[in-house]
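Just below is one structure, and these are the notes that go with it.
Residue numbers (our numbering): 192 to 305.
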């Protein structure tokens with residue numbers, strides 16, 4: 192069974208950085224990869240970036256810019272077997288490879304990084 196991935200990006204209104212992160216995310220090649228951007232209240236620049244990437248990402252909106260709340264919202268929207276969290280200033284390496292199959296059967300785990 193192939194693994195699916197959800198990449199959740201929490202956006203707090205830094206449109207230029209979000210645009211770079213989404214451009215890099217679009218360069219990742221994996222047959223089962225979804226991008227999710229979750230925002231609190233943002234300005235027109237961030238909304239324009241989201242509009243330009245419409246169709247390639249899913250968008251969730253929360254009532255506040257609280258990063259923890261945004262991550263929880265993204266987790267609720269995620270469909271992947273594996274969920275990765277990024278801030279909008281992180282740029283995923285396009286040449287990076289995501290595994291297509293689990294290495295061995297194990298119960299689900301939770302992990303985090305910062």
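Virtual Cβ for every residue (Gly too), placed ideally from N, Cα, C.
In this text the structure is predicted, and so the values were computed from the model without any measurement.
- Query: Can you tell me whether residue 267 is buried or exposed, with buried defined as 16 or more other CB within 10 angstroms of its CB?
  - Reply: So residue 267 counts as exposed.
- Message: Run through the DSSP bridge pairs and tell me what residue 197 is partnered with.
- Response: Its beta-bridge partners are 225 and 274.
- Item | residue 171, buried or exposed, once every other Cβ within 10 Å from all chains shown has been counted against 16 | The structure shown has nothing for residue 171, since the chain only spans 192 to 305.
- Use the C-beta contact count for residue 197: other C-beta atoms within 10 angstroms, 16 or more gives buried, fewer gives exposed. Burial check for residue 197: the Cβ neighbour count within 10 Å reaches 16 or more, so the residue is buried.
- Considering residue 251, what are the terminal residues of the alpha helix (DSSP H) in which it resides? Taken as a continuous stretch (DSSP letters only), residue 251 belongs to no alpha helix (DSSP H), being part of the beta strand (DSSP E) at 248 to 252.
- Are there 16 or more other CB atoms within 10 angstroms of the CB of residue 239, so buried, or fewer, so exposed? In summary, residue 239 is exposed, with fewer than 16 beta-carbon neighbours lying within 10 Å of its beta-carbon over all protein chains present.
- Query: Would you report the Cα separation of residue 218 and residue 259, rounded to the nearest angstrom?
  - Reply: Answer to the nearest angstrom: the Cα atoms are 27 Å apart.
- Message: Using only CA atoms, which one of 244, 245 and 232 lies nearest to residue 253?
- Response: Among 244, 245 and 232, the Cα nearest to that of residue 253 is on 232.
- Query: The alpha helix (DSSP H) with residue 217 in it runs from where to where?
  - Reply: Residue 217 -> alpha helix (DSSP H) spans 206 to 218.
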